[in-house]
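Input: a single structure, listed below in structure tokens.
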Amino acid sequence: MIGVELDRFDITILRELQRDASLSNQELAERIGLTAAPCSRRVKQLEESGVIASQVVRINERSVGLNLIALLHISMDKHIPERFEEFEKGISAIPEVMECYLITGHDADYQLKVAVPDMDSYHDILLGKITRIKGVTGVKSAFIMRKVIDTTAVPLHYISKQRR
67 MIGVELDRFD ITILRELQRD ASLSNQELAE RIGLTAAPCS RRVKQLEESG
117 VIASQVVRIN ERSVGLNLIA LLHISMDKHI PERFEEFEKG ISAIPEVMEC
167 YLITGHDADY QLKVAVPDMD SYHDILLGKI TRIKGVTGVK SAFIMRKVID
217 TTAVPLHYIS KQRR
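Each residue of the sequence shown is one higher than the one before, counting from 67 in my numbering.
Listed below in structure tokens is the structure:
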């Protein structure tokens, strides 16, 4: 395994926090079979080492009126670091962009996930912001009809295999 060595307690902490990051330290400690102090130390070490990147609240987009979720494939005119940096800076300034990936193996250079209330808002973001970023030559959009799997959980069963 590259990076941090994780034992069974660390893996269990990660599994439990991925299920429910709002657990108190005492609740977490009880679930993994440690007392509160060592549990707290382990969580802190996982955060400091970068294994735990952040703890956030996930919001159901539709419950707050963001009823249109789009996946966009963006093509760029030049494949040079400066052009990618410029695009990434520009796209980072658009709050409707929830995810942005530099991709390969596709006709596009980037894949974005965008959340907006409706098609008019999507039109405004697409034509008013995204296509105005220097270097964007093409955009293909797909709209999410239903989420079949929606998780942020990392598959942890590979960690124990890497330790062997």
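Backbone N, C-alpha and C define an ideal beta-carbon position, used for all residues, glycine too.
Treat the numbers as computed from the prediction; the structure is a model and nothing was measured.
Let me know the secondary structure DSSP gives residue i once reduced to three states.
i, result
"Gly194", "helix"
"Leu83", "helix"
"Ser141", "strand"
"Gln177", "strand"
"Met164", "strand"
"Leu132", "coil"
"Gly156", "helix"
"Phe207", "The amino acid at residue 207 is misidentified as Phe; the sequence shows Ser. In this structure, Ser207 counts as strand in the three-state DSSP scheme."
"Met67", "Unreliable positioning characterises Met67 in this predicted model, as indicated by a pLDDT of 38, which lies under 50. The coordinate reading is nonetheless provided below. Of the three classes helix, strand and coil, the one that applies to Met67 here is coil, per DSSP."
In chain order, what residues of the same chain lie with their CB nearer than 7 Å to the CB of residue i, ignoring the 5 residues before and after it?
i, result
"Gly201", "Met142, Asp143, Lys144, Arg149, Glu152, Phe153"
"Met185", "Leu134"
"Ala95", "Thr101, Ala102, Cys105"
"Arg97", "Glu82"
"Gln92", "Ala102"
Measure from the alpha carbon of residue i to the alpha carbon of each residue in the options, then state which is nearest.
i, options, result
"Gln177", "Thr197, Ser207, Pro161, Thr203", "Ser207"
"Val163", "Ala95, Val180, Arg85", "Val180"
"Ile140", "Leu132, Asp173, Asp216, Tyr224", "Asp173"
"Ser115", "Val182, Val70, Ile196, Arg85", "Val70"
"Ile157", "Phe75, Asp76, Ile191", "Ile191"
"Asp175", "Leu193, Val205, Gly194", "Val205"
"Tyr167", "Leu138, Tyr188, Lys195", "Leu138"
"Arg128", "Thr217, Leu222, Ile210, Ile225", "Ile210"
"Thr217", "Pro147, Ile125, His189", "Ile125"
"Ala119", "Leu80, Tyr224, Arg107, Leu89", "Leu80"
"Arg74", "Gly99, Arg107, Gly194", "Gly99"
"Ala159", "Tyr188, Ile196, Ser187", "Ile196"
Return the chain-ordered list of same chain residues with a C-beta closer than 6 Å to the C-beta of residue i, the five sequence neighbours on each side being excluded.
i, result
"Val117", "Val70"
"Ile169", "Gln177"
"Leu213", "Checking the sequence shown, residue 213 turns out to be Lys, not Leu. Nothing listed; no residue qualifies."
"Leu72", "Ile225"
Is the shortest distance between the beta-carbon of residue i and the beta-carbons of chain C less than 9 Å?
i, result
"Asp216", "In summary, chain C is missing from the structure at hand, where a single protein chain is found."
Please go through the same chain and pick out, in chain order, the residues whose beta-carbon is closer than 8 Å to the beta-carbon of residue i, but skip the five residues on each side of it.
i, result
"Leu132", "Ala181, Val182, Pro183"
"Arg85", "Ala219"
Handout entry: Uninterrupted alpha helix (DSSP H) stretches inside the segment 87 to 113 (no shorter than 4 residues)
Key = Those alpha helix (DSSP H) runs which fall completely within the segment 87 to 113 and span 4+ residues are 91 to 98.
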